[in-house]
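Counting from 383, one number per residue, gives the positions in the sequence shown under our numbering.
Glycine residues also receive a C-beta, built at the ideal position from the N, C-alpha and C atoms.
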Amino acid sequence: MMSGPIRSRLQSMLGGQGFLLFYSLVSLSVLAWAMVTFDRVKTGTPLWDGMAAGPWVVASLLTITGTAFLLPSFTRNPALAGANAAGVGTWIPAGVFRITRHPMMWGIALWALGHIVASPTPRVLIVMSGLIVLALLGSHFQDKRKVAQNKREFHPWQRRTSFWPRLQELGALRLIWAIAFLVWFIATWLHYHFFGVPAGLWMWIG
């Protein structure tokens with residue numbers, strides 16, 4: 383719907399803001415349905431022991447990195463809905479955008495992948511794999527749509543940035559790493575104390 387002909391028809395009918403509101407309501411409804419269904423489905427047998435030290439450390443690193451990508455993605459991000467594209471073609475990538483031009487979607491994908499590693503049950507695999515596909519495939523189609531809408535601004539921006547994360551640029555996040563760790567630590571504490579499921583360091587210190 384976000385990239386096909388249905389999107390154009392809906393935008394013509396509802397207008398830009400109306401379409402965003404409609405899409406947000408549909409997305410929230412689907413998310414709520416997925417959460418309710420997830421809760422009702424039996425856990426199932428995990429494919430491996432996600433609570434072993436190795437997978438647990440990998441999952442923790444993935445979710446910390448996902449948090450570090452997500453936090454700065456709300457600032458000067460031309461991919462956000464309603465963002466002003468004027469001058470984007472002249473921007474020099476800085477911070478998280480030196481790593482990828484889609485930090486929000488990669489943050490979601492890494493967060494979902496971390497959950498798969500730590501809890502590889504059928505229901506987690508289905509829901510989190512779906513999130514990964516939606517995030518990354520959506521980003522791919524968004525790139526095409528942005529260039530089609532405004533080639534002058536987005537073609538240079540896409541040439542200067544990368545879809546796939548540039549691991550050699552992870553140091554560009556600097557202080558964000560410390561902030562991300564703190565946010566992750568608090569989030570995993572909430573996860574443990576409200577849902578009764580240990581996450582992150584709380585596996586050992588809870």
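Where residue i sits in the DSSP three-state scheme
i	result
residue 327	Residue 327 lies beyond the stretch modelled for the chain, which goes from 383 to 588, so this question has no answer here.
residue 499	helix
residue 428	coil
residue 383	Reliability fails at residue 383, whose pLDDT of 48 lies under 50, so the model's placement of it is uncertain and no value is given.
residue 544	coil
residue 485	helix
residue 474	coil
residue 433	coil
residue 441	helix
residue 469	coil
residue 582	coil
residue 461	coil
Top-ranked residue by Cα proximity to residue i, from the options
i	options	result
residue 483	403, 415, 460	460
residue 428	556, 500, 522	500
residue 532	450, 468, 415, 422	468
residue 455	488, 426, 430	488
residue 554	464, 403, 479, 418	479
residue 508	425, 568, 396, 389	425
residue 334	437, 464, 413, 430	The structure shown has nothing for residue 334, since the chain only spans 383 to 588.
residue 502	404, 466, 437, 575	437
residue 404	415, 576, 392	392
residue 567	388, 586, 521	586
residue 529	518, 519, 541	541
residue 557	581, 575, 453	453
residue 546	576, 411, 481	481
Residue i - containing alpha helix (DSSP H), residue span
i	result
residue 531	504–531
residue 423	Residue 423 -> no alpha helix (DSSP H), and no H or E assigned at all.
residue 357	This structure cannot speak to residue 357, because the chain is shown only from 383 to 588.
Inter-stretch contact at 8 angstroms, needing at least 3 Cβ pairs: the region 485–499 / the region 548–564: no
The region 437–447 contacting the region 460–475, beta-carbon criterion three pairs below 8 angstroms: no
The region 410–425 contacting the region 504–520, beta-carbon criterion three pairs below 8 angstroms: yes
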